[in-house]
Amino acid sequence: MTDFREKARAAQVAMREVFDATPLQRNAHLSERFGAEIYLKREDLTPVRSYKLRGAFNAMRKVLANDPTRDIFVCASAGNHAQGVAFMCKHFGVRGVIFMPVTTPQQKVFKTKVFGGDQIEVRLVGDYFDDTLAAAQTHCSKVAGTFLSPFDDEDVIEGQASVAVEIMEQLGHVPDRVILPVGGGGLSAGVTSFFGPRTALTLVEPQGGMSLAAALDAGRPVTLDKVDSFVDGAAVARIGEKTFDRLRHTDPRDVLSAPEDRICATMIEMLNVEGIVLEPAGALSVDVLGDMADKIKGKTVVCVTSGGNFDFERLPEVKERAQRYSGVKKYFILRMPQRPGALKDFLNILGPNDDIARFEYFKKSARNFGSILIGMETRSPEDFNDLFARIEAAGFTYTDITNDETMAQFVI
Numbered sequence: 001m002t003d004f005r006e007k008a009r010a011a012q013v014a015m016r017e018v019f020d021a022t023p024l025q026r027n028a029h030l031s032e033r034f035g036a037e038i039y040l041k042r043e044d045l046t047p048v049r050s051y052k053l054r055g056a057f058n059a060m061r062k063v064l065a066n067d068p069t070r071d072i073f074v075c076a077s078a079g080n081h082a083q084g085v086a087f088m089c090k091h092f093g094v095r096g097v098i099f100m101p102v103t104t105p106q107q108k109v110f111k112t113k114v115f116g117g118d119q120i121e122v123r124l125v126g127d128y129f130d131d132t133l134a135a136a137q138t139h140c141s142k143v144a145g146t147f148l149s150p151f152d153d154e155d156v157i158e159g160q161a162s163v164a165v166e167i168m169e170q171l172g173h174v175p176d177r178v179i180l181p182v183g184g185g186g187l188s189a190g191v192t193s194f195f196g197p198r199t200a201l202t203l204v205e206p207q208g209g210m211s212l213a214a215a216l217d218a219g220r221p222v223t224l225d226k227v228d229s230f231v232d233g234a235a236v237a238r239i240g241e242k243t244f245d246r247l248r249h250t251d252p253r254d255v256l257s258a259p260e261d262r263i264c265a266t267m268i269e270m271l272n273v274e275g276i277v278l279e280p281a282g283a284l285s286v287d288v289l290g291d292m293a294d295k296i297k298g299k300t301v302v303c304v305t306s307g308g309n310f311d312f313e314r315l316p317e318v319k320e321r322a323q324r325y326s327g328v329k330k331y332f333i334l335r336m337p338q339r340p341g342a343l344k345d346f347l348n349i350l351g352p353n354d355d356i357a358r359f360e361y362f363k364k365s366a367r368n369f370g371s372i373l374i375g376m377e378t379r380s381p382e383d384f385n386d387l388f389a390r391i392e393a394a395g396f397t398y399t400d401i402t403n404d405e406t407m408a409q410f411v412i
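If you use our numbering, the sequence shown closes out at 412, no skipped numbers anywhere.
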């Protein structure tokens with residue numbers, strides 16, 4: 001373990017030639033809210049807006065130190081790892097071939113090309129990441145290149161551990177608890193290995209992709225049958241073999257899940273209150289603070305905000321999901337009699353805080369009743385209790401479809 005810490009410290013020192021340490025900032029809003037000293041380790045403020053360039057730097061640094069003639073590096077990624085590799089290819093002056101799924105948003109493709117410049121080539125292959133990964137590995141073998149894993153590599157893990165080195169130096173002591181996200185496990189394996197038992201650690205996975213929890217339960221990495229891809233920076237179907245070896249002794253009680261809709265509410269809060277832009281994975285550590293209120297009270301806590309590569313075209317979706325989670329927006333299907341004045345009767349039921357956000361109605365011929373899809377926003381969840389009571393008292397019937405995921409995919 002001491003050897004690992006020394007290597008992580010050496011990696012951190014070497015990084016200073018390329019980019020500055022990310023800030024460790026006390027957050028007054030969260031500290032007051034939870035009665036603790038809460039710091040944010042702002043990995044969203046690296047040159048590529050995520051911690052991923054740390055692992056890419058360390059892996060490439062070591063490969064080139066052992067063999068300076070190595071010239072081609074290959075990776076597969078739909079986001080942060082691609083940008084980290086591109087940045088480092090330009091820094092080291094080596095060629096990079098970066099495979100990304102065809103479905104990757106153009107904003108991410110563009111940023112990857114900006115970071116890599118003439119040193120890299122981006123290839124869009126496959127609708128799904130597994131196809132992209134297979135193509136990247138095949139190409140890497142063909143050109144005798146060096147494949148750069150996003151997480152399942154000892155040098156990458158060592159590079160990500162530099163986050164812990166900086167926390168120690170900036171805070172001046174070991175924090176009581178560190179909270180960090182888990183995807184493939186590179187960051188969590190590195191930070192856990194560096195701190196060891198000296199501090200409590202909480203690892204957070206998105207509810208729709210709990211690969212570490214599944215691995216701990218099975219005693220080995222397993223592939224999840226289904227993964228919700230919304231938290232794209234941490235939605236991994238199978239945790240890495242090497243990363244799990246470093247995480248296998250984690251107490252399952254220290255692995256928390258964060259619901260995707262609640263993550264959206266956290267992202268909106270951090271944007272509106274603090275002016276901090278976080279991607280879904282970057283908000284995981286902050287999102288679970290409410291679940292840990294009793295554990296962290298009076299403690300010094302560091303939340304690693306792992307990334308801020310958020311495409312603002314997704315903001316309407318994030319806001320929508322946040323409103324649904326907080327209970328101030330609902331969708332329901334109203335059954336209305338097809339007679340003149342029926343719609344006016346319904347509108348008269350609405351209260352001063354009831355705002356119609358969506359309304360779809362098509363009159364059906366030869367029917368006594370028709371169905372209306374309504375999206376409604378209010379100031380507080382309690383307003384809906386009063387609204388639905390008035391609807392029932394007026395003789396209308398309705399079906400709340402807010403949490404019906406199947407319906408939501410088609411109509412919301």
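C-beta: ideal position from N, C-alpha, C; glycine also.
In angstroms with no decimal places, state the Cα-to-Cα distance between residue i and residue j.
i, j, result
"arginine 42", "aspartate 254", "22 Å"
"isoleucine 276", "methionine 270", "6 Å"
"serine 371", "serine 326", "26 Å"
"methionine 100", "serine 77", "5 Å"
"aspartate 118", "phenylalanine 230", "31 Å"
"aspartate 225", "threonine 243", "20 Å"
"leucine 64", "valine 18", "16 Å"
"methionine 267", "proline 280", "7 Å"
"alanine 322", "aspartate 261", "6 Å"
"aspartate 294", "threonine 406", "36 Å"
"asparagine 368", "glutamate 377", "29 Å"
"methionine 15", "lysine 52", "13 Å"
"glutamate 392", "glutamine 338", "17 Å"
"glutamate 158", "glutamate 382", "50 Å"
"glycine 282", "glutamine 409", "25 Å"
"alanine 161", "asparagine 403", "39 Å"
"aspartate 232", "phenylalanine 129", "11 Å"
"glycine 184", "glutamate 32", "33 Å"
"alanine 265", "glycine 219", "33 Å"
"glutamate 320", "aspartate 287", "17 Å"
"serine 380", "isoleucine 263", "19 Å"
"glutamate 6", "leucine 30", "33 Å"
"leucine 133", "valine 222", "18 Å"
"isoleucine 296", "alanine 28", "15 Å"
Pick out whichever of the options has its Cα sitting closest to the Cα of residue i.
i, options, result
"aspartate 155", "Leu187, Ser380, Gln107, Phe87", "Leu187"
"lysine 113", "Ala408, Asp383, Arg95, Thr378", "Arg95"
"asparagine 357", "Met60, Val328, Thr192, Pro340", "The question names asparagine, yet the displayed sequence has alanine at residue 357. Comparing Cα positions, the closest option is Val328."
"serine 141", "Asp44, Arg262, Met376, Val74", "Val74"
"arginine 335", "Leu284, Phe115, Thr399", "Thr399"
"serine 234", "Leu284, Ala28, Ser162", "In the sequence on display, residue 234 carries alanine and not serine. Of the candidates Leu284, Ala28, Ser162, the one whose C-alpha sits nearest the C-alpha of alanine 234 is Leu284."
"aspartate 127", "Ser193, Thr103, Arg5", "Thr103"
"isoleucine 120", "Gln83, Ala265, Ala135, Gln207", "Gln83"
"threonine 250", "Leu216, Ala258, Pro259, Thr223", "Leu216"
"aspartate 345", "Asp355, Val318, Ala394", "Ala394"
"glycine 171", "Leu40, His139, Thr46", "Glycine is not the amino acid found at residue 171; the sequence shown has leucine there. Closest option to leucine 171, Cα to Cα, is Leu40."
"alanine 258", "Leu278, Asp67, Ile296, Gln207", "Gln207"
"proline 105", "Arg314, Cys89, Lys62", "Arg314"
"threonine 46", "Pro316, Lys90, Asp20", "Asp20"
Determine whether the beta carbon atoms of residue i and residue j lie at a separation below 8 Å.
i, j, result
"aspartate 131", "valine 125", "yes"
"valine 85", "isoleucine 72", "no"
"leucine 289", "phenylalanine 92", "no"
"arginine 248", "alanine 189", "no"
"isoleucine 374", "phenylalanine 396", "no"
"aspartate 311", "glutamine 137", "no"
"valine 301", "isoleucine 38", "yes"
"alanine 36", "glycine 298", "yes"
"asparagine 309", "glycine 79", "yes"
"valine 48", "phenylalanine 110", "no"
"phenylalanine 332", "phenylalanine 194", "no"
"valine 163", "valine 143", "no"
"threonine 199", "valine 174", "yes"
"arginine 70", "threonine 146", "yes"
"leucine 256", "aspartate 291", "yes"
"aspartate 67", "leucine 278", "no"
Please report whether the beta-carbon of residue i lies at a distance below 8 Å from any beta-carbon of chain D.
i, result
"alanine 164", "Absent from the structure is chain D; it holds one protein chain and no more."
Determine, using beta-carbon pairs with one atom in the region 170 to 180 and one in the region 200 to 207, whether at least three such pairs fall under 8 Å. yes
At a cut of 8 Å, does the region 305 to 316 reach the region 237 to 254 through at least three beta carbon pairs? no
May I have a chain-ordered list of the alpha helix (DSSP H) segments no shorter than 4 residues that lie completely inside the region 52 to 117? 52 to 66, 80 to 92, 106 to 116
Whether or not the region 378 to 391 and the region 350 to 360 are in contact is what I'm after, with contact meaning three or more pairs of Cβ atoms, one per stretch, closer than 8 Å; do they touch? yes
Assess, as a yes-or-no matter, whether the region 47 to 59 is touched by the region 10 to 27 under the definition of 3 or more beta carbon pairs within less than 8 Å. yes
Three CB pairs or more closer than 8 Å across the region 12 to 31 and the region 159 to 176: yes
Do the region 211 to 219 and the region 143 to 163 make contact, defined as three or more Cβ pairs closer than 8 Å? no
Enumerate, from N- to C-terminal direction, the unbroken alpha helix (DSSP H) stretches of 4 or more residues contained entirely within the region 108 to 195. 129 to 143, 154 to 160, 162 to 171, 186 to 195
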